[in-house]
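Remarks on the structure that follows.
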Amino acid sequence: MIIIRSEIFEDYDEISAVNRNAFERENESRLVENIRSSKEFIPELSLVALIDSKIVGHILFSPIIIKSKKTVPALILAPLAVRKEYQNQGIGSMLVREGLKECKRLNHSIIIVVGHPNYYPRFGFKPASLFGINPPFEVPNEAFLIIELEPGALEGVSGIVEFPSAFDDV
Ligand SMILES: CC(C)(COP(=O)(O)OP(=O)(O)OC[C@H]1O[C@@H](n2cnc3c(N)ncnc32)[C@H](O)[C@@H]1OP(=O)(O)O)[C@@H](O)C(=O)NCCC(=O)NCCS
Numbered sequence: 570m571i572i573i574r575s576e577i578f579e580d581y582d583e584i585s586a587v588n589r590n591a592f593e594r595e596n597e598s599r600l601v602e603n604i605r606s607s608k609e610f611i612p613e614l615s616l617v618a619l620i621d622s623k624i625v626g627h628i629l630f631s632p633i634i635i636k637s638k639k640t641v642p643a644l645i646l647a648p649l650a651v652r653k654e655y656q657n658q659g660i661g662s663m664l665v666r667e668g669l670k671e672c673k674r675l676n677h678s679i680i681i682v683v684g685h686p687n688y689y690p691r692f693g694f695k696p697a698s699l700f701g702i703n704p705p706f707e708v709p710n711e712a713f714l715i716i717e718l719e720p721g722a723l724e725g726v727s728g729i730v731e732f733p734s735a736f737d738d739v
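The opening residue of the sequence shown carries number 570 in this note's numbering; numbering runs sequentially from there.
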């Protein structure tokens with residue numbers, strides 16, 4: 570049985586280990602730590618997947634902004650990690666779906682992800698370029714994706730997304 574819940578203090582080391590295992594480098598575990606220590610951090614939106622009390626997956630959503638005519642708040646989904654030996658069993662999908670539900674419950678209506686164009690559209694993400702929303706760095710259009718959790722949340726919104734400094738190394 571898989572349990573999805575928000576992180577607690579005792580999870581921090583295991584969350585770092587899951588990210589190191591999945592990405593085979595330090596950048597994403599450092600990103601999690603940097604976001605966690607920033608004032609924007611939303612603890613409810615750092616979710617873990619547990620099997621038999623072991624953390625096998627992790628997802629984090631944190632605030633960013635879209636510089637439109639006005640500044641529009643959004644969340645970035647990053648990182649998403651599932652331990653290698655537990656991949657391709659639906660755990661990543663559960664984390665995304667439960668995560669999006671929690672974002673909606675907390676009244677967040679726009680979520681952005683830089684990710685694989687074959688993976689995220691199944692959850693409703695679309696290329697952000699369709700809305701005239703673009704990243705501040707070079708990335709293929711189909712890998713910079715966005716979802717509105719409330720219909721119309723993106724109406725009249727277009728511009729460049731601004732990432733906090735926690736993302737500088739990723
Ligand atoms: C990407 C990842 C989170 C998916 O989690 P998961 O639990 O294996 O995914 P699910 O079982 O829910 O879904 C499996 C699907 O994801 C696809 N997938 C697995 N790894 C992928 C990857 N790195 N990029 C794109 N798609 C991937 C599989 O091909 C499969 O596709 P299908 O359903 O069309 O056959 C996980 O493989 C992982 O941690 N990868 C390493 C870290 C990473 O790349 N994170 C994503 C950053 S955007």
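Just so you know, even glycine gets a beta-carbon here, dropped at the ideal spot from N, CA and C.
For Arg589, which three-state DSSP category applies? Walking along the sequence shown from the start, residue 589 turns up at place 20. DSSP places Arg589 in helix when its eight states are reduced to three.
Quick one: using the 10 Å Cβ neighbour count with 16 as the cut-off for buried, is Ile660 buried or exposed? Within the sequence shown, the letter at position 91 stands for residue 660. By the neighbour-count rule (16 or more Cβ atoms within 10 Å), Ile660 is buried.
Helix, strand or coil, according to DSSP, for Asn676 in the structure here? Taking the first residue of the sequence shown as position 1, residue 676 is located at position 107. It is coil, neither helix nor strand.
Integer Cβ distance of Pro690 from Asn710, believed to fall under 8 Å: As a first step, residue 690 must be located in the sequence shown, where it is residue number 121. As a first step, residue 710 must be located in the sequence shown, where it is residue number 141. Not quite, the Cβ-Cβ distance comes to about 13 Å (not below 8 Å), so this is no contact.
Any heavy atom of ligand 1 closer than 7 Å to the CB of Ala650? Your numbering for residue 650 matches position 81 in the sequence shown. Indeed, a heavy atom of ligand 1 lies less than 7 Å from the Cβ.
Relative to the alpha-carbon of Val641, which residue among Val739, Phe732, Asp737 and Asp738 has its alpha-carbon at the smallest distance? Here the question's residue 641 lines up with position 72 in the sequence shown. Here the closest residue by C-alpha is Phe732.
Neighbour-count burial assignment, Asn676, 16 or more Cβ in a 10 Å radius: Position 107 of the sequence shown holds residue 676. Flag for Asn676 reads exposed.
Suppose you measure from the CA of Phe736 to the CA of Cys672; what does that come to, to the nearest Å? Taking the sequence shown and counting its residues from 1, one reaches residue 736 at position 167. Taking the sequence shown and counting its residues from 1, one reaches residue 672 at position 103. Each residue's Cα considered, the two are about 20 Å apart.
3-residue-minimum beta strand (DSSP E) runs that sit fully inside the stretch 706-734, ordered along the chain: Taking only runs of at least 3 residues, the beta strand (DSSP E) segments lying wholly in the stretch 706-734 are 713-717 and 728-731.
Can you find the residues in the same chain that come closer than 6 Å, C-beta to C-beta, to Arg589, ignoring five residues on each side of it along the sequence? In the sequence shown, the residue the question calls residue 589 occupies position 20. Excluding residues up to 5 positions away in sequence, Ser598 lie with their Cβ nearer than 6 Å to the Cβ of Arg589 in the same chain.
Tell me the DSSP secondary structure of Ser631 in three-state form. As a working mapping, residue 631 is identified with position 62 in the sequence shown. Strand at Ser631.
Going by DSSP, which residues form a beta bridge with Pro642? Counted from its first residue, the sequence shown places residue 642 at position 73. DSSP, once it has assigned bridges, lists Ile634 as partnering Pro642.
Quick one: grab the DSSP three-state call for Arg691. Here residue 691 refers to the residue found at position 122 of the sequence shown. Three-state DSSP puts Arg691 in a helix.
Can you tell me whether Ser716 is buried or exposed? The criterion is at least 16 other CB atoms within 10 Å of its CB, across all chains shown. The residue labelled residue 716 in the question sits at position 147 within the sequence shown. The residue you asked about is not Ser; residue 716 is Ile in the sequence shown. By the 10 Å Cβ count, Ile716 comes out buried.
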